[in-house]
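Here is the structure we will look at.
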Amino acid sequence: MVRIAVVTPLFPIPEEPFRGQPIYFTVKELQRHAEVAVFCPVAAYPGWARPSSFTYYESVDEGYSPPGVHASYLKYPAFPLLSRPLNAVLSTRALLAPAREFQPDLILAYWIHPGGSAAVSIGARLGVPVVVGARGSDLRRPPDWMTRRTVQRTLRSADFVVTVSNELRECAIALGVAADRVRAIPNGCDTTVFFPGERREACAEIGADPDGQLILFVGHLIASKGVLDLVEAFTRLAPSRPKLRLSFVGDGGLRAELEARLRRAGLSERAL
Numbered sequence: 008m009v010r011i012a013v014v015t016p017l018f019p020i021p022e023e024p025f026r027g028q029p030i031y032f033t034v035k036e037l038q039r040h041a042e043v044a045v046f047c048p049v050a051a052y053p054g055w056a057r058p059s060s061f062t063y064y065e066s067v068d069e070g071y072s073p074p075g076v077h078a079s080y081l082k083y084p085a086f087p088l089l090s091r092p093l094n095a096v097l098s099t100r101a102l103l104a105p106a107r108e109f110q111p112d113l114i115l116a117y118w119i120h121p122g123g124s125a126a127v128s129i130g131a132r133l134g135v136p137v138v139v140g141a142r143g144s145d146l147r148r149p150p151d152w153m154t155r156r157t158v159q160r161t162l163r164s165a166d167f168v169v170t171v172s173n174e175l176r177e178c179a180i181a182l183g184v185a186a187d188r189v190r191a192i193p194n195g196c197d198t199t200v201f202f203p204g205e206r207r208e209a210c211a212e213i214g215a216d217p218d219g220q221l222i223l224f225v226g227h228l229i230a231s232k233g234v235l236d237l238v239e240a241f242t243r244l245a246p247s248r249p250k251l252r253l254s255f256v257g258d259g260g261l262r263a264e265l266e267a268r269l270r271r272a273g274l275s276e277r278a279l
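The sequence shown begins at 8 in our numbering and counts up one residue at a time.
Set out below in structure tokens:
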């Protein structure tokens, strides 16, 4: 049976059991056809220098794995901003030994930097092909020019690249990936959970006005997801649209800021 090592920081943890759900369910499906082990690089920050731009949790217990999947959460030392250029090297050091012990036939990495960068380095050392999967902001919005160069080098060095949309595929091609080495594979959908329903029944179930207007955001409450722009647009539209409501499903480092902006605009009662 083929052995696949999945490298990604986007995977469930006890504090966020729904983190990286598309990747988690992809792994569960892959297990029907291959032996899969997941390796999650985890940045370990000093207690006095924890990042403030996102919700940070202490490292995951060594014995933890999400249901039905074998995952290893491997720490590497990090420091906000300063260690960013070194994160790929530090991740490689943390991942190399357990990856070598697993003896994969293929490495599949989700999230380009630092996990994908580390995967490419490990693949070269082990002599196995590497597929890098871009999820969104890791490709479209690298935080600085150095990370952008690392992203570009990683994509060009990978044996194949997959994206979750055609737009991201075009971004990868613009960064120098040959068109025949990148493919768009959208996230799947569990139709036993998500399916069309009757509007009024659905609204009654959640206590929403069936004749109202609802803007729904589902995702991580961080700047790269555009949530600040969304709240700004909502505050501009709300005065002329009395039935307009805004609903967030998710959590993240900007939750308190979003709540404060809505409160200052007098729109807390119209946001869920």
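Ideal Cβ positions, reconstructed from N, Cα and C, are used throughout, including at glycine. A quick note: this is a predicted structure, and the numbers were derived from the prediction, not measured.
> Does DSSP classify R248 as helix, strand or coil?
Replying inline: Within the sequence shown, the letter at position 241 stands for residue 248. Reduced to three states, the DSSP call for R248 is coil.
> How would you write the range of the beta strand (DSSP E) that K232 sits in, first residue to last?
Replying inline: Taking the sequence shown and counting its residues from 1, the one referred to as residue 232 is at position 225. Element bounds for K232: n/a, residue is neither H nor E.
>> According to DSSP, simplified to helix, strand and coil, what is P48?
In response: Along the sequence shown, one-based indexing puts residue 48 at 41. DSSP, read as helix, strand or coil, puts P48 in strand.
>> Going by DSSP in three states, P84 sits in which element: helix, strand or coil?
In response: Translated into positions along the sequence shown, residue 84 becomes position 77. Residue state, collapsed to three classes: strand.
> Can you name, in chain order, every residue of its own chain whose Cβ lies under 6 Å from the Cβ of S231, other than the five neighbours on each side?
Replying inline: On the sequence shown, residue 231 is found 224 positions in, with the first residue counted as 1. Cβ within range, chain order: S144 and R148.
> Is there contact between the segment 244-255 and the segment 214-226, where contact requires at least three CB pairs shorter than 8 Å?
Replying inline: Contact between the segment 244-255 and the segment 214-226 is present: three or more C-beta pairs spanning the two stretches fall below 8 Å.
> Where DSSP assigns a beta bridge to F255, which residues make up the other side?
Replying inline: On the sequence shown, position 248 is the one that residue 255 refers to. Bridge pairing for F255: F224 [DSSP].
>> Can you list, in chain order, the residues of its chain with a C-beta nearer than 7 Å to that of A245? Leave out the 5 residues immediately preceding and following it.
In response: Position 238 of the sequence shown, counting from 1, holds the residue named residue 245. L251, L274 and R277.
> How big is the Cα-Cα spacing for F46 and L81?
Replying inline: Along the sequence shown, read from residue 1 onward, the residue named residue 46 stands at position 39. Along the sequence shown, read from residue 1 onward, the residue named residue 81 stands at position 74. One alpha carbon belongs to F46, the other to L81, and they sit about 7 Å apart.
>> Just to confirm before moving on: does the CB-CB distance between R268 and V238 stay below 8 Å?
In response: One-based indexing of the sequence shown puts residue 268 at position 261. One-based indexing of the sequence shown puts residue 238 at position 231. The beta carbons of R268 and V238 sit closer together than 8 Å.
> Is the distance from the Cβ of R10 to the Cβ of A41 below 8 Å?
Replying inline: For this step, residue 10 is matched to residue 3 along the sequence shown. For this step, residue 41 is matched to residue 34 along the sequence shown. Yes, the Cβ-Cβ distance between R10 and A41 is below 8 Å.
> Quick one: what's got a C-beta closer than 8 Å to F25's C-beta in the same chain, skipping five residues either side?
Replying inline: Your numbering for residue 25 matches position 18 in the sequence shown. These residues qualify, in order along the chain: P19.
> What first and last residue would you give for the beta strand (DSSP E) that runs through Y117?
Replying inline: Residue mapping note: residue 117 aligns to position 110 of the sequence shown, counting from 1. Unbroken beta strand (DSSP E) run through Y117: L113 to Y117.
> Which parts of the segment 123-194 are runs of the alpha helix (DSSP H), unbroken and 4 residues or longer, counting only runs that do not cross its ends?
Replying inline: DSSP assignment within the segment 123-194 yields the following whole alpha helix (DSSP H) runs of 4 residues or more, N-terminal first: 124-133, 144-147, 152-164 and 173-181.
> Do you know how far the Cα of L97 is from the Cα of L162?
Replying inline: On the sequence shown, position 155 is the one that residue 162 refers to. On the sequence shown, position 90 is the one that residue 97 refers to. A direct Cα-Cα distance of roughly 19 Å separates L162 from L97.
>> On the CB-based measure, 16 or more other CB atoms within 10 Å of its CB, does G183 come out buried or exposed?
In response: Numbered from its first residue, the sequence shown carries residue 183 at position 176. Under a 10 Å Cβ-count criterion, G183 is classified as exposed, with fewer than 16 other Cβ atoms of the shown protein chains found around its own Cβ.
> First and last residue of the beta strand (DSSP E) that includes I213?
Replying inline: Position 206 of the sequence shown, counting from 1, holds the residue named residue 213. Where I213 is concerned, there is no enclosing beta strand (DSSP E), although the alpha helix (DSSP H) it sits in stretches over R206 to I213.
>> What does the alpha-carbon distance come out to for the pair D112 and A104?
In response: For this step, residue 112 is matched to residue 105 along the sequence shown. For this step, residue 104 is matched to residue 97 along the sequence shown. Annotation: D112 to A104 spans about 15 Å, alpha carbon to alpha carbon.
>> My output table needs one value for V76: the three-state DSSP class, helix, strand or coil.
In response: Taking the sequence shown and counting its residues from 1, one reaches residue 76 at position 69. For V76, the three-state secondary structure derived from DSSP is coil.
> Is G122 closer than 8 Å to P16 when the C-beta atoms are compared?
Replying inline: As a working note, residue 16 is residue 9 in the sequence shown. As a working note, residue 122 is residue 115 in the sequence shown. Yes; because the gap between Cβ atoms is below 8 Å, this pair is in contact.
> Tell me which same chain residues have a C-beta within less than 7 Å of the C-beta of A125, skipping the five on either side of it?
Replying inline: Position 118 of the sequence shown holds residue 125. Only V14, P48, A95, S98, T99 and L102 meet the Cβ criterion.
> Under the rule that 16 or more other beta-carbon atoms within 10 Å means buried, what is F202, buried or exposed?
Replying inline: Stepping through the sequence shown from its first residue, residue 202 is reached at position 195. That one is exposed.
> Between which two residues does the alpha helix (DSSP H) carrying R107 extend?
Replying inline: If you number the sequence shown from 1, residue 107 lands on position 100. Here the alpha helix (DSSP H) through R107 covers N94 to F109.
> In this structure, what does DSSP give as the bridge partners for I11?
Replying inline: Your numbering for residue 11 matches position 4 in the sequence shown. Paired residue(s): V43 and L113.
> Where R262 and L279 are concerned, what is the direct C-alpha to C-alpha distance, given to the nearest angstrom?
Replying inline: Within the sequence shown, the letter at position 255 stands for residue 262. Within the sequence shown, the letter at position 272 stands for residue 279. Distance between the alpha carbons of R262 and L279 is about 12 Å.
> If you draw a straight line from the C-alpha of A185 to the C-alpha of G233, how long is it?
Replying inline: On the sequence shown, residue 185 is found 178 positions in, with the first residue counted as 1. On the sequence shown, residue 233 is found 226 positions in, with the first residue counted as 1. Approximately 30 Å between the Cα atoms of the pair.
> Are there 16 or more other CB atoms within 10 angstroms of the CB of L223, so buried, or fewer, so exposed?
Replying inline: Translated into positions along the sequence shown, residue 223 becomes position 216. Flag for L223 reads exposed.
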